[in-house]
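Asks: Residue numbers (the working numbering), protein chains in the order written: chain A, 1 to 217; chain B, 218 to 706. Cβ atoms here follow ideal geometry from the backbone N, Cα and C, with glycine treated the same way. Let me begin by handing over the structure; questions about it come next.
This is the structure:
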């Protein structure tokens, strides 16, 4: 197989959501000493980009989105230790802290966004659901994140998205983080109202928004 | 794997089916049916019916009717224009086609009914061609800008130029049968080809109670000889033109339809016939004939069961509404009829797009109804055992927080188990508000505009098109409609 064929296979594995193939190809790339940055950027990333396009065209639905994101995760899990060992820094899009706000246990949408952000090159710290607001800030401070993503599925808990922004202000940290909000009751108008940096209506849109706010193509 | 059950509705007790058929046969024998057509009367008489020429009444004995039933095929196969795709009309197959021969079109912008023009008729055929859950076209609109003398033939001509799908149509005048048959035969390269691959169904309606008019009886005779399936559209109105009880109306329905069937069989043994109808409950205050009434749907489902008992293909006018605009009534009457008709196994269900007692068509409603039909087809597929074990293995490695979204089983089956939402709203509230609080009617309108914009005419051989043009032009001249300007299609 030529290098281009291998890269194409990697992309195909992501588009097909084939976790095993994605991981196997990554393992082969490590063993045969391929340029791992090239493998990521020319092999796997075009695959996840294609998945985003298929979603936007209405061809792909949630199951494809999530399995493709997980295939990406599996491949990265194989590549990461080798990148560290070779001391190669990847061109990460940034660090993100994400979670569903306190009082709210819905996490399907949040999980999707977390997976897609990760597949999109972000280093994601997922705090889970029903997360105390202080925890978002503590974690972001601890890991040096640039972005905090807040999910809420209930109109009763979405107000906590606004409260987090107030908390950041009180601590003098508001300008340090981009705050993105999402979830069924949220909207662009809501994001504006509470002074968030952005709103996305689905996981694909969230990755686009996060990339544009992080200044990444 | 356990076989998938097809969900099914049976309205009548088996004993009641037999009783209704028995009374219908007795009615045919004792009272008979008026047949205002000399040739049909002669053919029935030759076959053994008792004919009273003076009163134009034919009394059909049981033996004759039973022979006719025995020679009628239990299934008909229609073929599309290219002849490549076939549609079995029989068993529990279900095919939807738009409600036929509307005299008005509901205008989306003004929310009023207006006369339909040739341009509307063209758009109608184009739109229906793109709506995948309607297997058949119908000559669904009557264009006001076409001389009445050629209106029936003209609808079929325009439709055949624009669409691949088989047609449900019919004649308005006796003279129109010939050119309409010629149009169909031209597509097939001759009458033999049309006989072996039927392209259209011709509707023929008796006049209740117990009468076949000259026009409709002639259509039965002509269609039988040409091998064109006739759809028998008995249409009693409970308490007005048929007995007020549902079972009583069914007795008349059986008698009228079986007389029609006999006319077809005596014209040519083995002629394809569909046991159909458009009966209705009669509104005792307004004097109207509601197609969306639950009793109408009960009559339909019941005579379909009787048709199956008689081993005949079936048809009904269901999946339509009496509402005047696309309001909740339009939706629920249509959906209820579509579901009940399909569950009853009605083979041809005519109605989508229709409003206002079968008199108006709506493009937006066609788009919405296509989605209803999609849901109904999903319903008919039933619930299958896809795997063995059914699901036990998907719980392997179970953890409390596990999500099935990323399970391979989900990706493998969700598209087969679940259909997309289509025009139906499933947005979260805020997203719906942000998107402009759009109603399904507005979305349907946008969908219609998009479909008409992307419609591509299915290829038709130049020689066939020339034949169609020639037949239409000649009929227009012969009918005194002069040189009919044929539209740019």
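1) With 8 Å set as the bound, which would you pick, yes or no: does the beta-carbon of residue 645 of chain B sit closer than that to a beta-carbon of chain A?
2) Distance check for residue 214 of chain A and residue 46 of chain A, CA to CA, integer angstroms please.
3) Tell me which same chain residues have a C-beta within less than 6 Å of the C-beta of residue 561 of chain B, skipping the five on either side of it?
4) Flag this pair as yes or no: are the beta carbons of residue 315 of chain B and residue 572 of chain B separated by less than 8 Å?
5) Would you mind listing the alpha helix (DSSP H) stretches within the region 542-624 of chain B that are 4+ residues and don't spill past its ends, in chain order?
6) Check each residue of the region 646-680 of chain B: if its Cβ is closer than 8 Å to any Cβ of chain A, include it; give the result in chain order.
7) Taking the alpha-carbon positions, what's the residue 25 of chain A to residue 17 of chain A distance?
8) DSSP three-state call for residue 332 of chain B: helix, strand or coil?
9) Using three-state DSSP, classify residue 312 of chain B as helix, strand or coil.
10) For residue 361 of chain B and residue 445 of chain B, what's the separation of their Cα atoms in angstroms?
11) Measuring CB to CB, does residue 342 of chain B end up less than 8 Å from residue 578 of chain B?
12) Evaluate residue 1 of chain A with the Cβ neighbour count: other Cβ atoms within 10 Å of its Cβ, from every protein chain shown; 16 or more gives buried, anything less gives exposed.
13) With C-beta atoms as the reference, is residue 261 of chain B less than 8 Å away from residue 483 of chain B?
14) To the nearest angstrom, how far is it from the Cα of residue 684 of chain B to the Cα of residue 403 of chain B?
15) For residue 207 of chain A, count neighbouring C-beta atoms within 10 Å of its own C-beta (all shown protein chains included) and say buried if the count is 16 or more, exposed if not.
16) Using the beta-carbon of each residue, which ones in chain B are nearer than 7 Å to residue 205 of chain A?
17) Would you please state the rounded distance, in angstroms, between the beta carbons of residue 468 of chain B and residue 278 of chain B? I believe it to be under 8 Å.
18) I want to know whether the region 74-83 of chain A touches the region 616-634 of chain B - three or more CB-CB distances under 8 Å.
19) Taking a Cβ distance cut-off of 9 Å, strictly less, list which residues of the region 179-212 of chain A are near chain B, in chain order.
20) On the three-state DSSP scale, how would you describe residue 201 of chain A?
21) If you compare alpha carbons, which of A:115, A:122 and A:120 is closest to residue 128 of chain A?
22) I need the DSSP call for residue 95 of chain A, collapsed to helix, strand or coil.
23) Roughly how many angstroms lie between the CA atoms of residue 496 of chain B and residue 434 of chain B, to the nearest whole one?
24) My output table needs one value for residue 266 of chain B: the three-state DSSP class, helix, strand or coil.
25) For residue 622 of chain B, which residues in chain A fall below 9 Å Cβ to Cβ?
26) If you draw a straight line from the alpha carbon of residue 42 of chain A to that of residue 5 of chain A, how long is it in whole angstroms?
27) Is it true that the CB of residue 350 of chain B sits closer than 8 Å to the CB of residue 587 of chain B?
28) Count the other CB atoms within 10 Å of the CB of residue 19 of chain A; is the residue buried (16 or more) or exposed (fewer)?
29) Sort A:194, A:65, A:54 and A:108 by Cα distance to residue 169 of chain A and report the nearest one.
30) Leaving out the 5 sequence neighbours to the left and right, which residues in its chain are closer than 6 Å to residue 704 of chain B when beta-carbon positions are compared?
31) Do residue 320 of chain B and the ligand ATP come close, with the Cβ less than 7 Å from some heavy atom?
32) Here's the rule I'm using: 16 or more other beta-carbon atoms within 10 Å means buried, otherwise exposed. How should residue 263 of chain B be labelled?
33) Tell me whether the beta-carbon of residue 145 of chain A lies closer than 8 Å to the beta-carbon of residue 48 of chain A.
34) Please name the residue in A:204, A:190, A:105 and A:77 whose C-alpha comes closest to that of residue 57 of chain A.
35) Where do the ends of the alpha helix (DSSP H) carrying residue 657 of chain B lie?
36) Could you tell me if residue 176 of chain B is buried or exposed, where buried requires 16 or more neighbouring beta carbons within 10 angstroms of its beta carbon?
Replies: In terms of the structure at hand:
1) yes
2) 19 Å
3) 226, 518 and 521
4) no
5) 545-560 and 580-598
6) 646, 647, 648, 650 and 651
7) 13 Å
8) strand
9) strand
10) 28 Å
11) no
12) exposed
13) yes
14) 6 Å
15) buried
16) The contacting residues do not exist; residue 205 of chain A stays about 11 Å from chain B at best.
17) So it is not a contact: roughly 17 Å between Cβ atoms.
18) no
19) 183, 184, 185, 186, 187, 188, 189, 190 and 201
20) coil
21) A:115
22) strand
23) 19 Å
24) coil
25) 62, 63, 65, 66, 67, 108, 111 and 112
26) 11 Å
27) yes
28) buried
29) A:194
30) 335
31) The ligand ATP is absent from the structure shown, which contains no ligands of any kind.
32) exposed
33) no
34) A:204
35) 657-671
36) Here chain B comprises residues numbered 218 to 706, so residue 176 of chain B is not present and cannot be evaluated.
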